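Q: Adding 157 to a residue's 1-based position in the sequence shown gives its number in our numbering.
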Amino acid sequence: MDQIVVLPTGSGKSICYMLPAVLKRSITVVVLPLLALLRDQVKRLKGRGISPGVVRGGVTEKEYGEIREGIEKGEIRIVFTTPEALSLKRNVSFFKGLGISSIVIDEAHCVAEWGESFRPSYLKLDEFINNFNSISVTAFTATASEMVLKKIRKYLFKGKNPFLVAGNPDRPNIKYSVMPCISKGMELERVVKNEDKPMIVFTRSRKRAESTARRLCLYFKCNKSVNTNPKFYHAGLTNEERRNIEEWFLKSDSGILCTTSAYGLGVDKRGVRTVVHYDIPRSVESYLQESGRAGRDGTDAAAILLYSVDDFLFFKGLTDKVDRERYSVMLKYILNDEVCRREQLLSVMDWKNIKCNGCDVCGGEVFNLPEGFNEIKDLIVKHKRLFSLKTAVQVLKGTLSYETFGDYPDRFREFGLLCDWSKNNLEEALQSMLQSGRFLMPKRGFFKHRLTSIRKGISWKENLMNFLKSGQENRGM
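Shown next, in the form of structure tokens:
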């Protein structure tokens with residue numbers, strides 16, 4: 158019987174196909190999206206005395222033979238593979254001779270998330286499935302809105318109506334919080350210093366994962382009170398580099414891993430206490446998947462989402478209509494601090510009346526303004542056209558220099574008001590307020606490169622809402 162199974166992260170989806178596969182005398186093919194997840198599943202099975210087969214893109218004839226021999230001896234009942242491997246004719250021919258009784262597509266939401274963009278092999282899985290008669294096909298995922306379910310049915314079960322098994326997607330042990338920022342660097346430093354570890358920091362790109370890890374390494378080098386060594390992880394690393402980092406993080410009880418979604422699917426690090434999103438994910442499904450890396454052991458954990466004007470500028474750059482619609486839901490989520498975070502997220506999954514066990518809204522812990530916002534705003538509003546970006550940083554940090562001493566800025570009340578901020582974080586904050594339209598810095602004229610305030614009577618939240626509205630109108634949403 159064909160099925161779609163939707164169960165929350167950490168609820169035991171893997172055992173739903175592993176146990177039947179081991180008990181049956183026929184073969185189960187399991188399609189996984191990431192090599193990191195594949196290695197993790199293989200390791201877990203071998204740790205329980207079960208030997209699975211693995212078919213990837215570069216399988217040799219010797220490896221084919223070893224899998225066949227293991228099947229004939231009854232030692233192999235599960236064969237792991239990837240969508241890309243199933244698009245190769247030699248692999249398809251190999252599978253045809255194995256006596257397959259069932260096919261499992263794990264993390265099936267990737268069909269919708271990735272298949273229509275950078276993983277077209279997902280859209281050809283039905284061609285592989287059609288090579289076999291009278292087999293059961295089961296798609297597993299932790300998060301799937303009705304739109305994602307429609308795409309799973311479309312691409313995996315053409316002409317069929319699979320039975321849907323859906324469990325409550327809530328993870329009650331996770332507390333959801335949203336943090337507004339003018340300097341994500343500053344806020345991240347505060348979070349990694351104060352929140353429990355191990356910790357995962359999700360970023361939008363490989364480059365950002367690397368720069369974030371290096372930034373934190375520099376912060377910890379200067380802050381002797383914190384003893385940790387952050388690392389980065391993404392699909393661009395070599396196999397050996399990825400394996401070494403996976404092993405390090407699985408064993409660490411205080412590690413911080415800065416990563417892309419390459420570490421966001423199914424890897425079983427059970428003791429993660431905090432998941433931080435440095436960038437807003439592209440959809441609610443992605444956010445629930447990635448935040449679900451926290452607290453897989455069932456104990457209390459935290460999911461913290463940082464946002465700044467940079468995330469709204471990213472929205473303006475999206476061109477695909479569906480991508481924009483899904484991302485706009487996340488932007489509305491972060492701006493809505495009047496409705497329970499858990500209720501907002503799970504309503505997208507078509508679950509209602511969920512009791513909140515922890516979020517910043519229900520706990521009365523919402524931050525309406527980014528840290529440092531008022532201090533910087535007051536300085537520029539009171540002293541329009543007086544400071545360049547460089548001198549504003551020096552004044553806020555309390556740095557005496559040739560540029561600042563000549564104008565006696567130390568007589569200002571704001572001098573040194575943000576002395577605990579780094580120079581880079583202050584520059585990021587000022588640039589963020591420039592990008593949001595809070596400040597203006599003319600590029601010519603008498604007050605060239607001098608900061609001035611042009612926004613009055615509009616709050617930080619209203620400012621970002623206008624960004625979202627204008628972006629939707631420009632694209633005809």
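For every residue, glycine included, the Cβ atom is placed at its ideal position computed from N, Cα and C.
Only a predicted model underlies this, so the values are computations on that prediction, with no experimental measurement involved.
1. Considering only residues of the same chain and omitting the five flanking positions on each side of Leu195, which have a CB-CB separation below 6 Å?
2. Using 10 angstroms around the beta-carbon of Ile260, count the other beta-carbons present and answer buried if the total reaches 16, otherwise exposed.
3. Let me see if you follow: with CB-CB separation under 8 Å, is Leu575 close to chain B or not?
4. Is it true that the CB of Arg247 sits closer than 8 Å to the CB of Asp353?
5. Where does Gly474 fall in DSSP's three states?
6. For Thr295, tell me which candidate among Asn582, Tyr279 and Phe320 has the shortest Cα-Cα distance.
7. Nearest by alpha-carbon distance to Ala178: which of Ile233, Gly222 and Lys200 is it?
8. With distances taken from CA atoms, which of Ile161, Ala299 and Ser258 is nearest Tyr444?
9. Verify whether the separation of the beta carbon atoms of Val518 and Cys497 is less than 8 Å.
10. Measuring only the C-alpha atoms, how far is Ser340 from Ser589?
11. Going by other Cβ atoms of all chains shown within 10 Å of its Cβ, with 16 needed for buried, is Pro277 buried or exposed?
12. Between Tyr490 and Phe569, what straight-line distance do the alpha-carbon atoms span, to the nearest angstrom?
13. According to DSSP, simplified to helix, strand and coil, what is Ile491?
14. Identify every run of the beta strand (DSSP E) within the segment 158-187, keeping only runs that are complete inside it and at least 3 residues long; order them along the chain.
15. Could you tell me which residues DSSP pairs with His434 in its beta bridges?
16. Where does Cys379 fall in DSSP's three states?
17. Please name the residue or residues paired with Cys374 in a DSSP beta bridge.
18. Provide the residue(s) that pair with Gly635 in DSSP beta bridges, ordered along the chain.
19. Taking the beta strand (DSSP E) that Met336 belongs to, which residues open and close that run?
20. Quick one: is Glu442 buried, meaning 16 or more other Cβ sit within 10 Å of its Cβ, or exposed?
21. If you follow the beta strand (DSSP E) that Cys267 is in, where does it begin and where does it stop?
22. Short of 7 Å in beta carbon distance, which residues of its chain neighbour Asn493, apart from the five on each side in sequence? Order them along the chain.
23. Buried or exposed, going by whether 16 or more other CB atoms sit within 10 Å of the CB of Leu526?
24. Start and end of the beta strand (DSSP E) containing Lys281?
25. List the endpoints of the continuous alpha helix (DSSP H) containing Ile413.
26. Do Thr369 and His391 have their CB atoms nearer than 8 Å?
27. Can you name, in chain order, every residue of its own chain whose Cβ lies under 6 Å from the Cβ of Ile615, other than the five neighbours on each side?
28. Assign Val466 to one of two classes, buried (16 or more other C-beta atoms within 10 Å of its C-beta) or exposed (fewer than that).
29. Looking at the structure shown, is Ser579 part of a helix, part of a strand, or coil, going by DSSP?
30. Would you give the residue range spanned by the beta strand (DSSP E) that Leu321 belongs to?
31. Which residue wins for smallest C-alpha separation from Leu414, given the options Asp477, Thr456, Leu345 and Arg439?
32. Would you mind giving the Cβ-Cβ distance between Tyr312 and Val268, rounded to the nearest angstrom? I have them listed as a contact below 8 Å.
33. From the DSSP output, read off the bridge partner residues of Tyr390.
34. From Ser302, Glu532, Glu398 and Thr360, pick the residue whose C-alpha is nearest to that of Leu164; which is it?
35. Pull up the distance between the alpha-carbon of Arg450 and that of Pro355, whole angstroms please.
36. Going by the beta-carbon positions, is the gap between Thr385 and Gly412 smaller than 8 Å?
A: In short:
1. Leu189 and Phe237
2. buried
3. The structure shown contains no chain B; it is built from a single protein chain.
4. no
5. helix
6. Phe320
7. Ile233
8. Ala299
9. yes
10. 7 Å
11. exposed
12. 39 Å
13. helix
14. 160-163
15. Phe359 and Leu462
16. helix
17. Paired residue(s): none; Cys374 is not in a bridge.
18. Only positions 158 to 634 of the chain appear in the structure, and residue 635 is not among them; the question remains open.
19. Ile331 to Pro337
20. buried
21. Looking at the DSSP string, Cys267 is not in any beta strand (DSSP E); the run it does join, the alpha helix (DSSP H), is Cys267 to Glu270.
22. Gln501
23. exposed
24. Run containing Lys281: none; DSSP gives neither H nor E here.
25. Taken as a continuous stretch (DSSP letters only), Ile413 belongs to no alpha helix (DSSP H), being part of the beta strand (DSSP E) at Ile413 to Thr416.
26. no
27. none
28. buried
29. coil
30. Phe320 to Ala323
31. Leu345
32. 5 Å
33. Thr416
34. Ser302
35. 11 Å
36. yes
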